[in-house]
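S.K.: Here's a structure for you.
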Ligand SMILES: [Fe+2]
């Protein structure tokens, strides 16, 4: 059901402090914390003694201490102290997950730790680079993560779900292309001579008709890098274009719930804090609209396996179908790989 041998965003790096933070990813309950020296760590969120969640405990120096009987674990998950005795039981360790802070996110590796190579963390450096302004946020969706992937690979829904923000009917009517490139699906749509949707008017200053394009590059299991551009309709001067990227980090929480981290980055008017705030609020409202639709969709699907196969497909499903096929092939490959060799706990 879930790809594990990959890096996934589990938090904004800024969320991890010295108060333990409980977060579930791919059905695994995890505690995140930062030690006194600044190391961010991810451990299974249960003390091996009586299975109390470590997230109810506290961080003490370089260790996390269980809030029930005071057992202390280092950032690697090794038990280093048991109050009232001199020795530490041999089995008293908890699983440690590789965790790397990069580009303002905390990336976790839920699979075989021996395969966790930080070099393969996706490059989203725009999220903390001085040349880019960032508007970011988080949504929790009570919907399976594949519904969220479908939603992002089929942006024709902007015409119907987001007509008061980023869409209008011209989006769904425009042709698009879908390409499978290595382990990515790329969906691209050009929209010529369209009325600027409300959000575009405010964020670009283009009040008349515009030419607009968007490309979503999807890397399973849940990274969508959407590049949006627009310029006055008919302009041949590409330097008149204003472009932004919408980074979407989709991490399964459970079979029916999803973490949705997002960031909109731009290189124009980067010192305009009011614009940064407007984009954040506009995107939050836009994704609230997706949340309403996807959660209702999940309620209809429920746990019925027959309802995960949709009875009808239309043209705009081309990219979501490619996305699901690619993910399925990667899941099958991972399922065929050797079982966890070096995971502890
Ligand atoms: Fe949407």
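In my numbering, the protein residues as written are 73 to 417. We treat Cβ as the ideally placed atom computed from N, Cα and C, and that holds for glycine.
Can you tell which of 108, 155, 152, 89 has its C-alpha closest to the C-alpha of residue 127?
M.R.: Closest by alpha carbon: 89.
S.K.: Residue 43 to residue 200, Cα distance in whole Å?
M.R.: Since the first residue shown for the chain is 73 and the last is 417, residue 43 is missing from the structure and cannot be characterised.
S.K.: Assuming residue 363 and residue 211 make a contact with CB atoms under 8 Å, what is their CB distance in whole Å?
M.R.: The Cβ separation is near 6 Å, so the contact holds.
S.K.: Within the continuous alpha helix (DSSP H) that includes residue 401, where are the two ends?
M.R.: 390-408 is the extent of the alpha helix (DSSP H) around residue 401.
S.K.: Check whether the Cβ of residue 184 sits closer than 8 Å to any heavy atom of ligand 1, and report yes or no.
M.R.: The answer is no for residue 184.
S.K.: Closer than 7 Å between the C-beta and any heavy atom of ligand 1: which residues qualify, listed along the chain?
M.R.: Those residues are 223, 229, 230, 233, 234, 358, 359, 361, 362, given in chain order.
S.K.: Under 8 Å by Cβ, that's how I've got residue 82 and residue 115 pegged, so tell me the actual separation to the nearest angstrom.
M.R.: So it is not a contact: roughly 12 Å between Cβ atoms.
S.K.: Opposite residue 184 in the DSSP bridges: which residues?
M.R.: Note: residue 184 sits in no beta bridge, so no partner.
S.K.: Decide if the segment 218-225 is in contact with the segment 393-405; the criterion is three or more beta carbon pairs, one per stretch, under 8 Å apart.
M.R.: Short answer: they touch.
S.K.: Note down the Cα distance separating residue 317 from residue 98, rounded to an integer number of angstroms.
M.R.: Rounded to the nearest angstrom, the two C-alpha atoms are 27 Å apart.
S.K.: Specify, as a first and last residue, the run of the alpha helix (DSSP H) that residue 345 falls within.
M.R.: Residue 345 -> alpha helix (DSSP H) spans 345-373.
S.K.: Grab me the residues of residue 301's own chain with a C-beta within less than 6 Å of its C-beta, minus the 5 sequence neighbours each way, in chain order.
M.R.: Only 285, 313, 315 meet the Cβ criterion.
S.K.: Output the distance between the C-alpha atoms of residue 452 and residue 376, rounded to the nearest integer angstrom.
M.R.: Lying outside 73 to 417, the shown extent of the chain, residue 452 is not represented and no answer is given.
S.K.: Alpha carbons only, please: which of 130, 304, 113, 122 is nearest the one belonging to residue 168?
M.R.: Selected option, being the one with the closest Cα: 113.
S.K.: Could you give the distance in angstroms between the alpha-carbon of residue 208 and the alpha-carbon of residue 334?
M.R.: Cα to Cα, the separation comes out at about 6 Å.
S.K.: Please go through the same chain and pick out, in chain order, the residues whose beta-carbon is closer than 7 Å to the beta-carbon of residue 351, but skip the five residues on each side of it.
M.R.: The residues are 207, 275, 336.
S.K.: With distance defined between alpha-carbon atoms, name the residue in 289, 311, 134, 349 nearest to residue 320.
M.R.: Looking at the Cα atoms, 289 is the closest of the given residues.
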